[in-house]
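S.K.: In the UniProt record's numbering, the protein residues as written are 1 to 350.
Where is the CB? At the ideal position from N, CA and C, for every residue including glycine.
One structure coming up, written as structure tokens, with questions to follow.
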Amino acid sequence: MVKIRALLSGYYGKGNGGDEALLATLLQMLPSHVTPVVLSGNPKETRDRYNVETCDRMAPLAVLQALRSSDALIWGGGSLIQDVTSTISPFYYGGLMALAQKMGLKTVAWAQGIGPLVRPQTRWLAWQTFGNCTKISVRDRASAALLSDWQIPCIIAPDPVWALESKPVPGLWDLPAPRVALTLRSHPQLTETRLANLTRALVDFQKATQTFILLLPFQKSEDLSIAEAIQPHLKDVSKILCLEDPQLLKGVFRGVEMAIGMRLHSLIMAASVGCRCFALSYDPKVNRLMEDLQMPGWDLASLPDDPNLISLTWMEHYANGDPLSPDQIQSLVDRALMHRELLSDALCNK
């Protein structure tokens, strides 16, 4: 096989556990003849963690140089093309893809969650750039339906992080058991009142179940302050675990009985290792996961006002809820590997 270079573009090097998990999985799935160059918000950290070539994603000349020396651009994973949380994001990624297509590179949209797209300009840019891609894979039905409306072919498969390999977490098994993991993030829907209710419910749940609570910030800048606000209420029965390596993050859930989470990839990681899950949704992508897996949970907007009801619901799920069966997990992992096959097809030297 002739060696080729592929530029990897995503929300990498920004300290977000979910996006780092997508990058780790993408690197795990790349064919062996492909040399990756990662566009990163923290090139040194990304280079050191994954042992790859990197380039500062916000340095235009360096990015242009990296494009010129590459054979392919991979738009790697997640909700990059949406204009609800950021209007800049779709123009950055869409502009980069359009430029790569103009320069004649192979372009792969990999494991995308497309939308919501509310602005006509971003819809047009998305339609244009996806329409010119060499290959596309998406991770949910809504994204596949949008591309189908635009008559753009794609494959649909579960989020690639289902197939991410985990690593054992040093010291995890020395912590008291049984353990429950909590992953909250800052969001307008997580109001002070709701956070106070969740904290009170967590305290009651911990007392009733005698579990040890692991507070897991998936993105320090968004999540750590929330974990630090909750921990004093759970003195001696909780620990904040800050882990940067996504394979270690996934490894945490191997030592946990139940996960309560807002973050999509915390729920995917937990479900993929046979952990019971309870979702607190702030985003359509979390609702889609709940729907697909029949995962219990609440939209944050309709979270009960009564902490007692919240803790009783968690206790019921802790005592009687079922994790996914080994067969269900294997099926999701096998189908997630379709994203790997797509890379092989798109990047072969034909």
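#1: Could you name the residues of the same chain whose beta carbon sits closer than 6 Å to that of residue 243, not counting the 5 residues immediately before and after it, in chain order?
#2: Taking its Cβ as the centre, do 16 or more other Cβ atoms sit within 10 Å of residue 38, making it buried, or is it exposed?
#3: Taking the straight line between their C-alpha atoms, what separation do you get for residue 351 and residue 131?
#4: Going by alpha carbons, who is nearest to residue 139 out of 313, 230, 163?
#5: Tell me the residue span of the alpha helix (DSSP H) that contains residue 127.
#6: Start and end of the beta strand (DSSP E) containing residue 239?
#7: Could you say if the segment 67 to 79 and the segment 197 to 213 meet the contact criterion of at least three C-beta pairs nearer than 8 Å?
#8: Please determine if the segment 172 to 180 and the segment 206 to 219 are in contact, where contact requires at least 3 C-beta pairs separated by less than 8 Å.
#9: Using DSSP's beta-bridge definition, name the partner residues of residue 180.
#10: Between residue 321 and the rest of its own chain, which residues show a CB-CB distance below 6 Å, the 5 nearest in sequence each way excluded?
#11: Using only CA atoms, which one of 334, 344, 345 lies nearest to residue 159?
#12: Applying the criterion that 16 or more other CB atoms from any shown protein chain within 10 Å of the CB defines a buried residue, is residue 3 buried or exposed?
#13: Kindly indicate which three-state DSSP category residue 56 falls into: helix, strand or coil?
#14: Find the nearest neighbour of residue 126 within the set 106, 198, 149, 104, judged by alpha-carbon distance.
#15: Pull up the CB-CB distance for residue 189 and residue 237, whole angstroms please, since I reckon it's below 8 Å.
#16: Which same chain residues end up closer than 6 Å to residue 290 when comparing Cβ atoms and leaving out the 5 residues on each side of it in sequence?
#17: Using alpha carbons as the reference points, say which of 302, 81, 281 lies closest to residue 295.
#18: So residue 27 and residue 50 are in contact, right, with Cβ under 8 Å, and what is the actual spacing, rounded?
#19: Quick check on this structure: which residue in 286, 337, 313, 318 has the alpha carbon closest to the alpha carbon of residue 18?
#20: What are the uninterrupted segments assigned as alpha helix (DSSP H) that are 4 or more residues long and contained completely in the segment 136 to 177, given in chain order?
#21: In its own chain, which residues sit with a C-beta less than 7 Å from the C-beta of residue 233, not counting the 5 before and 5 after it?
#22: When you compare the CB positions of residue 136 and residue 146, do they come within less than 9 Å of one another, or not?
#23: Mapping DSSP to helix, strand and coil, what is residue 106?
#24: Among the residues of its own chain, which have a CB less than 7 Å from the CB of residue 325, if the five just before and after it don't count?
#25: Using the Cα positions of residue 94 and residue 319, report the straight-line distance between them to the nearest angstrom.
#26: Does DSSP put residue 278 in a helix, a strand or coil?
M.R.: So, from the listed chains and residues:
#1: Cβ within range, chain order: 249.
#2: The residue is buried, with at least 16 neighbouring Cβ atoms inside 10 Å.
#3: What the structure shows of the chain is the stretch from 1 to 350, and residue 351 is not part of that stretch, so it cannot be assessed.
#4: With distances taken between Cα atoms, residue 139 lies closest to 163.
#5: Here the alpha helix (DSSP H) through residue 127 covers 120 to 131.
#6: That run of the beta strand (DSSP E) goes 238 to 240.
#7: Contact between the segment 67 to 79 and the segment 197 to 213 is absent, because fewer than three Cβ pairs lie under 8 Å.
#8: Between the segment 172 to 180 and the segment 206 to 219 there are three or more inter-stretch CB-CB distances shorter than 8 Å, so the stretches are counted as touching.
#9: Note: residue 180 sits in a beta bridge opposite 213, 258.
#10: Residues 276 of the same chain have their beta carbon placed closer than 6 Å to that of residue 321, with the five preceding and five following residues left out of the count.
#11: Selection 334, 344, 345 evaluated against residue 159 yields 334 as nearest (Cα-Cα).
#12: It is exposed - the Cβ of residue 3 has fewer than 16 other Cβ atoms within 10 Å.
#13: Residue 56: strand per DSSP, three-state reduction.
#14: Comparing Cα positions, the closest option is 149.
#15: Residue 189 to residue 237, Cβ: 27 Å. No contact.
#16: Excluding sequence neighbours, residue 290 sits near 279, 297.
#17: The option with the nearest alpha carbon to residue 295 is 281.
#18: Between residue 27 and residue 50 the beta-carbon gap is near 6 Å, inside 8 Å, which marks them as a contact.
#19: Closest by alpha carbon: 286.
#20: Correct list: 141 to 149.
#21: These residues qualify, in order along the chain: 199, 203.
#22: For residue 136 and residue 146, no; Cβs fall outside 9 Å.
#23: Of the three classes helix, strand and coil, the one that applies to residue 106 here is strand, per DSSP.
#24: In the same chain as residue 325, and ignoring 5 residues on each side of it, no C-beta atom comes closer than 7 Å to its own.
#25: The alpha-carbon atoms of residue 94 and residue 319 are separated by roughly 46 Å.
#26: Taken through DSSP and simplified to helix, strand or coil, residue 278 comes out as strand.
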